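Protein sequence lines correspond, in order, to chains A and B. All the letters of the first sequence, read from the start, carry residue numbers 15 to 299 under my numbering. All the letters of the second sequence, read from the start, carry residue numbers 15 to 299 under my numbering. Structure first, then comments.
There are 2 protein chains.
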Amino acid sequence: MIDLWYTENHQEDTRFSIKVKEHLHSEKSPFQQIDFFESDTFGRFFTLDGLMMVTQKDEFIYHDMITHIPMAVNPSIKRVLIIGGGDGGTAREILRYNHIEKVDMVEIDERVVRLCQQYLPQTACQLDQDPRLTLYFEDGLKFVQEANDEIYDLILVDSTDPIGPGEGLFTYDFYNNCKRVLSDAGILINQHESPYYESYAHEMKRAHSKIKATFPIAKVYQFHMPTYPSGHWLFGFASKKYDPLADLQKEAWMNFGLRTRYYNTDLHMGAFMLPTYVKESLENA
Amino acid sequence: MIDLWYTENHQEDTRFSIKVKEHLHSEKSPFQQIDFFESDTFGRFFTLDGLMMVTQKDEFIYHDMITHIPMAVNPSIKRVLIIGGGDGGTAREILRYNHIEKVDMVEIDERVVRLCQQYLPQTACQLDQDPRLTLYFEDGLKFVQEANDEIYDLILVDSTDPIGPGEGLFTYDFYNNCKRVLSDAGILINQHESPYYESYAHEMKRAHSKIKATFPIAKVYQFHMPTYPSGHWLFGFASKKYDPLADLQKEAWMNFGLRTRYYNTDLHMGAFMLPTYVKESLENA
């Protein structure tokens with residue numbers, strides 16, 4: 015039997031490897047290298063430019079944490095913009111809220127969406143199902159530059175790292191436009207890298223310093239994402255008026271009656287309680 | 015230059031690898047295979063039977079979380095028993111509390127202690143320095159079986175996995191004896207494995223079902239330990255009367271004036287807020 019391993023270098027001298035049962039698909043889109051794999055422990059997974067994006071085993075962690083945190087702070091959110099998130103998991107989770115009226119999803123690479131529809135229906139299942147969702151295959155930075163003022167209540171930035179196609183989503187220009195297109199009650203959640211390995215911690219600090227210069231409220235929360243470098247991953251929570259802890263609406267969220275495998279309203283509080291070295295690193299950013 | 019990598023199989027089909035600058039030491043003790051390595055990202059690290067124990071980069075996380083959680087719940091703890099912990103990091107942290115009167119440390123394998131003193135002074139620094147500490151090179155299970163009633167306020171089980179020398183530390187016999195030798199105010203902290211990979215989750219559940227059958231209060235808390243399988247690791251908190259959240263003594267702990275890089279009293283609360291799938295897995299254990 016063939017002995018095939020996928021390996022990601024988490025640092026130059028640190029590697030994470032998964033034995034591959036089948037290399038299902040490989041192609042170079044205009045934006046990036048896209049690969050789909052089949053494995054035992056993680057089920058199907060896909061990578062962009064060789065970096066792990068989504069596995070069947072733990073995508074629920076990432077998608078729970080990007081969507082339910084803001085929905086529990088402002089349960090009245092109705093108009094949502096997703097930037098990136100081509101696998102569809104973020105859209106799937108947010109569309110579970112029946113009162114959401116409109117979701118615009120802006121993914122730069124149509125091939126990611128089409129391939130996830132083919133190979134990862136677990137995450138992509140809602141992408142051609144729900145009439146509230148509109149897909150735009152465009153650059154996210156350009157999209158927010160051209161969008162009208164105050165037309166969204168929530169922006170979810172489900173992006174790759176700030177190298178390659180995701181780069182523009184870590185700029186002042188992008189964050190300022192997010193602020194402009196968000197309503198007064200608006201919340202921005204962004205992929206915030208990781209505090210552990212130096213190269214990721216550097217990007218975490220850069221992102222945080224820009225977001226806290228843009229939004230009156232800018233916090234960071236953590237979760238366990240075992241297939242990402244170090245397994246210690248962060249999202250940013252920024253808003254014009256809502257504090258993610260003081261304004262948490264526990265009962266309102268529980269009344270939605272959503273079953274979640276990672277998120278719960280106690281964990282919501284806990285996720286914002288950061289280790290001292292992470293807090294200090296963000297304060298000095 | 016030689017291309018040398020240390021690899022741990024986190025599952026049969028999942029590997030974590032670190033590039034090794036130098037294989038400093040390798041020996042087979044009467045109990046296990048012991049190896050010390052030098053690396054760039056993690057500094058020095060050592061393994062037992064090929065499994066990662068301690069790295070210079072992130073040992074502070076593990077040692078903060080095993081010691082400061084119980085000390086912040088009962089700041090009057092004076093008599094401590096450490097089972098395992100041959101690297102010395104747990105002893106080092108607990109001995110930072112000046113009011114601690116006595117620490118007995120029971121490590122089955124003297125070679126681990128001697129080699130850590132030679133290669134890992136960062137963790138082993140207090141093992142021959144502090145007169146309050148007594149080292150016993152014995153089996154931890156046998157030690158608690160023979161110890162007198164109610165002579166400790168805190169037991170810290172800093173053990174390997176429940177295979178090999180650590181096996182006896184995951185039994186009813188051990189937990190019952192821990193309960194017996196603990197004072198009425200006593201707390202037991204134990205290495206509680208991980209919820210993510212199935213084989214570790216299985217051991218997590220086995221340990222929890224025994225501990226909750228033994229102690230009136232039995233909770234579990236989590237932390238980010240990137241060099242352990244999945245990076246999502248747990249300790250158990252068991253006691254006769256203290257609840258780790260309701261009885262947290264924030265101010266008393268802060269008055270100790272200890273500088274910690276991972277632990278803080280907010281994180282203390284957050285660490286007990288578990289993901290839904292972990293909570294359910296423990297409830298059904």
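Ideal Cβ placement from N, Cα and C applies to all residues, glycine included. Model, not experiment: these values are computed from the prediction.
Name the DSSP bridge partner or partners of residue i?
i	result
Glu22 of chain B	B:Phe30
Met218 of chain B	Partner(s): none; Met218 of chain B has no beta bridge.
Asn204 of chain B	B:Val171 and B:Gly250
Ile97 of chain A	A:Val120 and A:Val171
Ile48 of chain B	B:Glu41 and B:Leu62
Tyr166 of chain A	A:Leu196
Thr55 of chain A	Thr55 of chain A pairs with nothing; no bridge assigned.
Val68 of chain B	B:Phe60
Glu36 of chain A	A:Glu52
Within 8 Å: the Cβ of residue i and any heavy atom of the ligand ADP?
i	result
Tyr210 of chain B	Summarising the ligand content, the structure contains no ligands, and the ligand ADP is consequently not present.
Would a check of beta-carbon distances place residue i closer than 9 Å to chain B?
i	result
Glu297 of chain A	no
Phe59 of chain A	no
Ile291 of chain A	The sequence as given places Tyr at residue 291 of chain A; Ile does not occur at that position. Yes, Tyr291 of chain A lies at the interface with chain B (some Cβ there is under 9 Å from its Cβ).
Thr137 of chain A	no
Glu26 of chain A	yes
Phe229 of chain A	no
Leu281 of chain A	yes
Ile75 of chain A	yes
Gln236 of chain A	yes
His39 of chain A	no
Ala199 of chain A	no
Asp72 of chain A	yes
Arg29 of chain A	yes
Tyr210 of chain A	yes
Given a threshold of 16 other Cβ atoms within 10 Å of its Cβ, counted over all protein chains shown, does residue i qualify as buried or as exposed?
i	result
Cys227 of chain B	Checking the sequence shown, residue 227 of chain B turns out to be Ala, not Cys. Ala227 of chain B comes out exposed.
Leu168 of chain A	buried
Lys42 of chain B	exposed
Gly99 of chain B	buried
His113 of chain A	exposed
His246 of chain B	buried
Met268 of chain B	exposed
Tyr225 of chain A	Note that residue 225 of chain A is Ile in the sequence shown, not Tyr. Buried: at least 16 other Cβ atoms inside 10 Å.
Ala232 of chain B	buried
Gln236 of chain B	buried
Glu73 of chain B	buried
Considering only their Cβ atoms, is the gap separating residue j from residue i smaller than 9 Å?
i	j	result
Asp172 of chain B	Phe45 of chain B	no
Pro240 of chain A	Glu207 of chain A	no
Leu62 of chain B	Ile48 of chain B	yes
His82 of chain B	Thr137 of chain B	no
Ser213 of chain B	Gln25 of chain B	yes
Phe229 of chain A	Lys193 of chain A	yes
Ala299 of chain A	Lys254 of chain A	no
Met67 of chain A	Phe59 of chain A	yes
Met287 of chain A	His39 of chain B	no
Lys106 of chain A	Cys139 of chain A	It should be noted that the sequence gives Arg, not Lys, for residue 106 of chain A. A contact, by the Cβ cut-off of 9 Å.
Arg220 of chain B	Ile32 of chain A	no
Glu115 of chain A	Leu149 of chain A	no
Lys35 of chain A	Glu52 of chain A	yes
Arg93 of chain A	Ser244 of chain A	no
Tyr312 of chain B	Ile201 of chain B	A question about residue 312 of chain B goes unanswered here, because the residues of chain B that appear run from 15 up to 299.
Val117 of chain A	Leu134 of chain A	no
Tyr276 of chain B	His238 of chain A	no
Phe249 of chain B	Asn278 of chain B	no
Phe270 of chain A	Pro84 of chain A	no
Using beta carbons (cut-off 9 Å, strictly below), is residue i in contact with chain A?
i	result
Gly98 of chain B	no
Leu288 of chain B	yes
Lys6 of chain B	There is no way to answer for residue 6 of chain B, as the model of chain B reaches only from 15 to 299.
Phe56 of chain B	yes
Phe270 of chain B	no
Gly64 of chain B	no
Ile16 of chain B	no
Asn278 of chain B	yes
Ala86 of chain B	no
Arg275 of chain B	yes
Trp267 of chain B	no
Ser90 of chain B	no
Ala285 of chain B	yes
Gly245 of chain B	yes
Tyr186 of chain B	no
Pro240 of chain B	yes
Examine chain D for any beta-carbon lying closer than 9 Å to the beta-carbon of residue i, and answer yes or no.
i	result
Ser53 of chain B	Included in the structure are the protein chains A and B, with no chain D among them.
**Report entry** Minimum length 4: unbroken alpha helix (DSSP H) runs contained in the stretch 224–294 of chain A
**Finding:** 264–269 and 279–285
**Report entry** beta strand (DSSP E) runs wholly inside the stretch 119–163 of chain A, at least 3 long, in chain order
**Finding:** 147–150
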